[in-house]
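Residue numbers (my numbering), protein chains in the order written: chain A, 4 to 606; chain B, -1 to 104.
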C-alpha cells in the first residue's frame, strides 16, 4: 500500500460495492448492507491512514481523453491538506450513516437498491473530493446529481418523492449550466483545467479582471445549485421526501458540501477577484438570514432541519467570500457535518418511533419515550445554535467575525441569523420532546435499536467537542481577524443572540399545544416557491404552449399534412383515368407519344 | 421507279391501319392483328431505309436488316405468348370482346 494507490482504492471501493450490490443484492439483504458498509469502512480507514502520511504532491494521473494538444482530459487525484480533511469528513460520516441505515431501513422496501444508491452517492462525492481538474470534478458533480435523484426518489411510487427527485435534478441543472460555462471560460483564458496549473496561471489573467470575474461567478452558479443557495435553494427542503439517512448524508457530507468544497478548491482564484468574492459573500449572507427566517415557521421536523442546512451553508459560502483562507469555511463545513448529520439521524429516529409522522405538532412528550434520541438531538441542537463551547460556536463565530470585519452589514445580518437559529431549533426540540403527547403514535413511541443509537452517540460527542482547539488544530490552520478590528460588542451580542433565541423559544413553545404565532410570509418560505410555480406555469408554460401550437399547426399541418393530402388529392383525381378500357389506354398512350414528338420536333 | 418516300408512305399507311385497328376494333384477336401490322410497318420502313441509304462502297446498310430479323423473331415469340394469353382469357371469361374485360378500373 502506498500513498499512490490508497486514494484510488478509496475512490473505487464504493463503486465496486454498488455494482456488486446490484448483482447480488437480491439474494440477501444482509449481504448488500455489509458490502456497502465494508466499502465505506475501507475508505474511512484508508483516509485516516492517508491523513497521517506525508503525501507526495505529485500524484498519478491518467489521460482519459485527448482532444488535440489544446485539451487533455485527465482522471487524476489531488491529495493535499484540503482533500485529506474532506476525505475524513465524507468517509467517516458515511460509515456512521450507513450503519444507522441498517436500523432505519430494516422494514423498508428497496433495501438493496437503497444501499447501492448510497454507495454510488459516496463514490460520486469522493470523486469530487479527489479530482485534480475541473472536468473530472464536473463529471462527478453530475454523478452526485444522478445519485441524489435516485436516492431522493427512493419511494418512487409516491408522487411527491418522484417529483422531489426530479426537482432536485432540474434545479441543479440550472446551476451546473453556469458551472460548465465557467469551466470553459477559465479553460479558454488559461488553456488548462487542472487546478494546480489554473492557480499558477491566474496572475497572467489579472489584466482581464472582468473576464475573470464573469468566469468566477459562473462557477459560483454551480455552488448556488449544489449547495442550495438563494435563489436555487428550493430543491433542498423538498429533497426531504427521501429516506432520512439520505437527507442526513446529503446535508452533512455529500452533495451540499460539494459546492463549498469546490469553492475552497479554487480559493486562490476567487481571491484574485474581489468583486466575485463580494458577490459570493452577499449571496451567502442573504441565504443564511432568509433561510433562518423560513425555518422559524415550518412544522415538518425534517424541513426545519433542511432550512437550517441552507442557512448554515450560507455561513460557509459567506466564509469563503470574506475569510482570507478557505479553512474558515471548511472548519464550519466540518463541524456542521457532525451536528447536522446528528440532528437528521435523531429526527429519523423520531420518525421511525412515530411511524413516519413528520408533523411535529403530532408529537410531544417524547423525552420519556426516547431518552437517548432526545439527548443526542439536544447535543446537536446546542452545536447548531452555537451554544458557547460547542463545535458550532467556534466555527460560526469565526465566520461572523470575519464578516463583520469585511462587510459589516452582512456581519450583523448573519449575527441576527444566529439568534434565529437558536430560536427555530429550540422550538423544534421543545415541541417534539416536551409538552404532552399530541397523538396516538406519540403516546406509544419506542426507543430505537442500538445500530441507530451508536452512530448518533458518536456524532454527539463530535458535535460537542469537535470545535475545541485541541481537536481542530490537527485539521485546520485557522486565521482570526485582528482583535482591534472586531467590534467589542460582537461577542456579547452573540451570547445574547443564543440565550435570547433559546429563551424566547422556551417561553413560547414549552407547553404550547399548537403554534402560538403564525407568520404566513415565513411559513410560505417568503413565497419564493410560489414565484417559481407562477413562473413555470405562466412564463415557461406559455412558451411550452406556443411551441406545442407551433408543433401542431406548423410542423404537423403545414410540413406533414399538407403535402401528404396534396399527393393524395392528385392521386384521387388521376384515378378517374383508370377506365378499364384497354383501347382508351392505348389512345392515351398514342396521344402522349404524339404530344411528346410534337414538343420535341416543333417547339 | 418507286422512291424512299413511296415506301415510307406505304409504311405509314400500314402503321395507321394497325393503330386504327388497335384503337377501334373490339375483338381482342383483331386488336392483336393490328399490333402485328404496326410491327410490319416498322419493318418495311427499316428495309426501305436500308435499301435507299447506301454506304460509301455502294453496299446497303445491313444493320437495319439485322434489326428487322430481330423484330420478326421477337414478334413470333410475342404472338405465341399473346395468343396463349388470349386463349387463357377466353377460357376464363368466355369472350374475346374487350368491352366485357373491364374489371381493372377505379
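Ideal Cβ placement from N, Cα and C applies to all residues, glycine included. Because the structure is a prediction, the values reported are computed rather than measured.
{"Asked": "Within-8 Å CB hit, residue 101 of chain B to chain A", "Found": "yes"}
{"Asked": "Whole-angstrom distance between residue 457 of chain A and residue 378 of chain A, CA atom to CA atom", "Found": "13 Å"}
{"Asked": "Residues, ordered as in the chain, of the segment 8 to 37 of chain B that lie near chain A by beta-carbon distance below 9 Å", "Found": "17, 20, 21, 22, 23, 24, 26 and 29"}
{"Asked": "For residue 258 of chain A and residue 173 of chain A, the rounded distance between their alpha carbons", "Found": "15 Å"}
{"Asked": "Sheet register partners of residue 79 of chain A (DSSP bridge)", "Found": "A/64"}
{"Asked": "Entirely enclosed alpha helix (DSSP H) segments - the segment 375 to 462 of chain A, minimum 4 residues", "Found": "394 to 409, 411 to 436 and 443 to 446"}
{"Asked": "Limits of the alpha helix (DSSP H) - the one that residue 586 of chain A falls within", "Found": "585 to 605"}
{"Asked": "Nearest-angstrom Cα separation, counted from residue 591 of chain A out to residue 89 of chain B", "Found": "29 Å"}
{"Asked": "Residues sharing a beta bridge with residue 197 of chain A, DSSP", "Found": "A/136"}
{"Asked": "Chain-order list of residues whose beta-carbon lies under 8 Å from that of residue 82 of chain B (same chain, five-residue window excluded)", "Found": "none"}
{"Asked": "Reduced DSSP category for residue 527 of chain A - H, G, I as helix; E, B as strand; rest coil", "Found": "coil"}
{"Asked": "Contacting positions in the segment 45 to 76 of chain B - beta carbon closer than 7 Å to chain A", "Found": "none"}
{"Asked": "Beta-carbon contacts of residue 358 of chain A that lie in its chain and below 7 Å, excluding the five residues immediately before and after", "Found": "444"}
{"Asked": "Residues of its chain near residue 219 of chain A, where Cβ-Cβ distance is below 6 Å and the 5 sequence neighbours each way are ignored", "Found": "273, 276 and 279"}
{"Asked": "Cβ-based neighbour list, residue 2 of chain A, same chain, cut-off 6 Å, excluding 5 preceding and 5 following", "Found": "Past the boundaries of the shown model lies residue 2 of chain A; chain A is included only from 4 to 606, so the question cannot be answered."}
{"Asked": "Residue burial classification, residue 639 of chain A (beta-carbon count within 10 angstroms, cutoff 16)", "Found": "In the structure displayed, chain A extends from 4 to 606; residue 639 of chain A sits before or after that span and is not available."}
{"Asked": "contact_flag[the segment 338 to 345 of chain A, the segment 406 to 416 of chain A] where n(CB pairs < 8 Å) is 3 or more", "Found": "no"}
{"Asked": "Reduced DSSP secondary structure (H/G/I, E/B, other) of residue 491 of chain A", "Found": "coil"}
{"Asked": "Nonlocal neighbours in the same chain, by C-beta distance under 6 Å from residue 480 of chain A, ignoring five residues either side", "Found": "330"}
{"Asked": "Counterpart residues of residue 330 of chain A in DSSP-defined beta bridges", "Found": "DSSP output for residue 330 of chain A lists no bridge partner at all."}
{"Asked": "Proximity of residue 16 of chain B and residue 2 of chain B at Cβ, strictly below 8 Å", "Found": "no"}
{"Asked": "Any C-beta of chain B under 8 Å from that of residue 589 of chain A", "Found": "yes"}
{"Asked": "According to DSSP, residues forming a beta bridge with residue 358 of chain A", "Found": "According to DSSP, which records beta bridges pairwise, residue 358 of chain A is partnered with nothing at all."}
{"Asked": "contact_flag[the segment 360 to 367 of chain A, the segment 456 to 471 of chain A] where n(CB pairs < 8 Å) is 3 or more", "Found": "no"}
{"Asked": "With 16 other Cβ atoms within 10 Å as the buried cut-off, status of residue 157 of chain A", "Found": "buried"}
{"Asked": "Secondary structure, alpha helix (DSSP H): runs of 4+ residues fully inside the segment 213 to 272 of chain A", "Found": "238 to 241, 247 to 255 and 259 to 268"}
{"Asked": "Continuous alpha helix (DSSP H) stretch holding residue 319 of chain A: start and end", "Found": "304 to 325"}
{"Asked": "For residue 293 of chain A and residue 163 of chain A, the rounded distance between their alpha carbons", "Found": "25 Å"}
{"Asked": "Within-8 Å CB hit, residue 569 of chain A to chain B", "Found": "no"}
{"Asked": "Neighbour flag for residue 156 of chain A against chain B, beta carbons, 8 Å", "Found": "no"}
{"Asked": "Contacts that residue 96 of chain B makes with chain A (C-beta to C-beta distance below 9 Å)", "Found": "584, 585 and 586"}
{"Asked": "Bridge-paired residues (DSSP) for residue 95 of chain B", "Found": "B/25"}
{"Asked": "DSSP-derived helix/strand/coil call for residue 481 of chain A", "Found": "coil"}
{"Asked": "Coil, strand or helix - residue 69 of chain A by DSSP", "Found": "strand"}
{"Asked": "Residue of A/312, A/227 and A/482 minimising C-alpha distance to residue 255 of chain A", "Found": "A/312"}
{"Asked": "Interface partners of residue 595 of chain A on chain B, CB under 9 Å", "Found": "By Cβ distance, chain B contributes nothing, its closest Cβ being about 13 Å from residue 595 of chain A, past 9 Å."}
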